[in-house]
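Okay, so here's the structure we're looking at.
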Amino acid sequence: MSLEKFFHLKENHTDVKTEIMAGITSFMTMAYILAVNPNILSASGMDHGAVFTATAVASFIGTLCMALFANYPFALAPGMGLNAYFAYTVVLGMGYTWQVALAAVLAEGLIFIVMSIFNVREAIFNAIPFNLKKAVSVGIGLFIAFIGLQNAKIVIGSATLVSLFSLDGYNQTLNGLTASFQDVGITVLLAVIGVIITAILVVKNIKGNILWGILITWALGIICQFAGLYVPNGDLGFYSLLPDFSNGISIPSLAPIFGKFSLDGVPILEFIVIVFAFLFVDIFDTIGTLIGVASKADMLDEEGKLPRIKGALLADAVGTTAGAMLGTSTVTTITRFK
Numbered sequence: 204m205s206l207e208k209f210f211h212l213k214e215n216h217t218d219v220k221t222e223i224m225a226g227i228t229s230f231m232t233m234a235y236i237l238a239v240n241p242n243i244l245s246a247s248g249m250d251h252g253a254v255f256t257a258t259a260v261a262s263f264i265g266t267l268c269m270a271l272f273a274n275y276p277f278a279l280a281p282g283m284g285l286n287a288y289f290a291y292t293v294v295l296g297m298g299y300t301w302q303v304a305l306a307a308v309l310a311e312g313l314i315f316i317v318m319s320i321f322n323v324r325e326a327i328f329n330a331i332p333f334n335l336k337k338a339v340s341v342g343i344g345l346f347i348a349f350i351g352l353q354n355a356k357i358v359i360g361s362a363t364l365v366s367l368f369s370l371d372g373y374n375q376t377l378n379g380l381t382a383s384f385q386d387v388g389i390t391v392l393l394a395v396i397g398v399i400i401t402a403i404l405v406v407k408n409i410k411g412n413i414l415w416g417i418l419i420t421w422a423l424g425i426i427c428q429f430a431g432l433y434v435p436n437g438d439l440g441f442y443s444l445l446p447d448f449s450n451g452i453s454i455p456s457l458a459p460i461f462g463k464f465s466l467d468g469v470p471i472l473e474f475i476v477i478v479f480a481f482l483f484v485d486i487f488d489t490i491g492t493l494i495g496v497a498s499k500a501d502m503l504d505e506e507g508k509l510p511r512i513k514g515a516l517l518a519d520a521v522g523t524t525a526g527a528m529l530g531t532s533t534v535t536t537i538t539r540f541k
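Okay, so the sequence shown: first residue is 204 according to the working numbering, each after it adds one.
So, in structure tokens, the structure goes:
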């Protein structure tokens, strides 16, 4: 059976060539997740390289399931808001180990598989008013934006967690280390410039705008490094912006995180609370992302419902379960092939 017949491409007003180009474009647009997800999850103590591999494999499994179960051009990967919740709230905030958090994600995925099979998630999805669905996607976007501002050090820790960056304020958050403009300062400036460049590209509706924003900012960073404006400082977590292939190219092993689940020292009721928290956050994150990408693709019906949503939700649940086994946080819909 050809790809045309299997995926009903003509019925969806597309062809194989268009879909291949759209897939490449979408991959390049969401490739930043391969760098960001390991950075976020490694803050919880997980192996950075292993999370990189888990992110790639889980994204492949989730996206493949979406194609087979629902025939939708939606790409799946570890969610940016959900990985921040995993690392910063459950592990660093609540004090649980990442093994416990992974066990909660696995339990969440299995529960979601059952809920998807018996149409429970679909009923919840359809019962929420359309305006509220849109509001959920906006709220998740604001949460992700705030995490991004913190990671870029544009916003630094204070009594309210919303203080703008300053060298003196940032140095007060360090233990015995001192930052300077040549390490943290220039990266904050580059982050602001990168946001402005990306915003302009988005407003101008340039294809691959986010990808171009990332590449341009990276190029500016390399120029700053060559000019001596940026000086890598490993003690503070600021490294060279130039790829290092001196040791060759290899795929990091999944061994440090694969199947590493644990419930040691966690009362069952507390674990249920953690699982419920992941369930609650993931339900609304999935609703927000599915509505967002589906509305952009004009795939919603007159009532604001998504046809074949059962398959889409099942793909999301299987992706989350597989991702937890591999060693990454909740997998969800990220973007659509365009």
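The C-beta atom is built at its ideal place from N, Cα and C for all residues, glycine as well. Keep in mind the model is a prediction, meaning the values are calculated, not measured.
Requested in this report: Just list the alpha helix (DSSP H) runs in the stretch 378 to 427, keeping only unbroken ones of 4 residues or longer that don't cross its boundaries, in chain order.
Outcome: 389 to 406
**Report entry** Those residues which DSSP pairs with PRO241 across a bridge
**Finding:** Translated into positions along the sequence shown, residue 241 becomes position 38. Note: PRO241 sits in no beta bridge, so no partner.
**Report entry** Supposed close pair ALA273, MET233 - CB separation, criterion 8 Å
**Finding:** By one-based count along the sequence shown, residue 273 stands at place 70. By one-based count along the sequence shown, residue 233 stands at place 30. Actually they are not in contact, since the Cβ atoms of ALA273 and MET233 sit about 18 Å apart, beyond 8 Å.
**Report entry** Residue span of the alpha helix (DSSP H) that contains ALA304, given as start and end
**Finding:** Within the sequence shown, residue 304 is the residue found at index 101, counting from 1. Unbroken alpha helix (DSSP H) run through ALA304: 301 to 320.
**Report entry** Residue of ALA278, ILE350, ASP386, ASP250 minimising C-alpha distance to ALA518
**Finding:** Stepping through the sequence shown from its first residue, residue 518 is reached at position 315. With distances taken between Cα atoms, ALA518 lies closest to ALA278.
Query raised in the report: Distance, Cα to Cα, LEU267 vs PHE384?
Result: The residue given as residue 267 occupies position 64 in the sequence shown. The residue given as residue 384 occupies position 181 in the sequence shown. Straight-line Cα distance between these residues: approximately 45 Å.
Query raised in the report: Any idea which residues DSSP pairs SER534 with across the strands?
Result: Counting from one through the sequence shown, the residue named residue 534 turns up at place 331. Per the sequence shown, residue 534 should be read as Val rather than Ser. Partner(s): PRO281.
**Report entry** Candidates GLY296, THR420, ALA326, ILE512, of which the one nearest ALA355 by Cα
**Finding:** Position 152 of the sequence shown, counted from the start, is the residue given in the question as residue 355. Selected option, being the one with the closest Cα: THR420.
Report task. Please name the residue or residues paired with SER366 in a DSSP beta bridge. Result -> Within the sequence shown, residue 366 is the residue found at index 163, counting from 1. Beta-bridge pairing links SER366 to ILE359.
Requested in this report: Ignore the nearest five residues each way along the sequence and tell me which others in LEU237's own chain have a CB closer than 7 Å to its CB.
Outcome: By 1-based counting over the sequence shown, the position of residue 237 is 34. Closer than 7 Å at Cβ, skipping near neighbours: PHE255, THR258, ALA259.
Query raised in the report: Is the CB-CB distance between VAL303 and PHE461 below 9 Å?
Result: Here residue 303 refers to the residue found at position 100 of the sequence shown. Here residue 461 refers to the residue found at position 258 of the sequence shown. Not closer than 9 Å, so no.
Requested in this report: Answer with buried or exposed for SER456, where buried requires no fewer than 16 other C-beta atoms within 10 angstroms of its C-beta.
Outcome: Within the sequence shown, numbered from 1, the residue matching residue 456 stands at position 253. So SER456 ends up on the exposed side.
Query - Burial state of ILE195, where buried means 16 or more other Cβ atoms lie within 10 Å - result: There is simply no residue 195 to check, as the chain begins at 204 and stops at 541 in what is shown.
Report task. Starting from PHE328, follow its DSSP beta bridges and name the residues at the other end. Result -> Indexing the sequence shown from 1 puts residue 328 at position 125. According to DSSP, which records beta bridges pairwise, PHE328 is partnered with nothing at all.
**Report entry** Rounded C-alpha distance that separates ILE426 from PHE328
**Finding:** Stepping through the sequence shown from its first residue, residue 426 is reached at position 223. Stepping through the sequence shown from its first residue, residue 328 is reached at position 125. Their backbone Cα atoms lie some 48 Å apart in a straight line.
Report task. Determine which residues share a DSSP beta bridge with PHE441 and list them. Result -> For this step, residue 441 is matched to residue 238 along the sequence shown. Beta bridge pairing from DSSP links PHE441 with ASN436.
Query - Through-space distance from THR390 to PHE368, alpha-carbon basis - result: Taking the sequence shown and counting its residues from 1, the one referred to as residue 368 is at position 165. Taking the sequence shown and counting its residues from 1, the one referred to as residue 390 is at position 187. About 11 Å.
Query raised in the report: Between the beta-carbon of ILE490 and the beta-carbon of VAL339, is there less than 9 Å?
Result: Within the sequence shown, numbered from 1, the residue matching residue 490 stands at position 287. Within the sequence shown, numbered from 1, the residue matching residue 339 stands at position 136. Yes.
Query raised in the report: Are the beta-carbon atoms belonging to THR535 and GLY522 less than 9 Å from one another?
Result: Walking along the sequence shown from the start, residue 535 turns up at place 332. Walking along the sequence shown from the start, residue 522 turns up at place 319. In this structure, the beta-carbon distance from THR535 to GLY522 falls below 9 Å.
Query - Within 9 Å, strictly: CB atoms of ASN322 and THR533 - result: The count along the sequence shown starts at 1 and reaches residue 322 at position 119. The count along the sequence shown starts at 1 and reaches residue 533 at position 330. In this structure, THR533 does not lie closer than 9 Å to ASN322 by Cβ.
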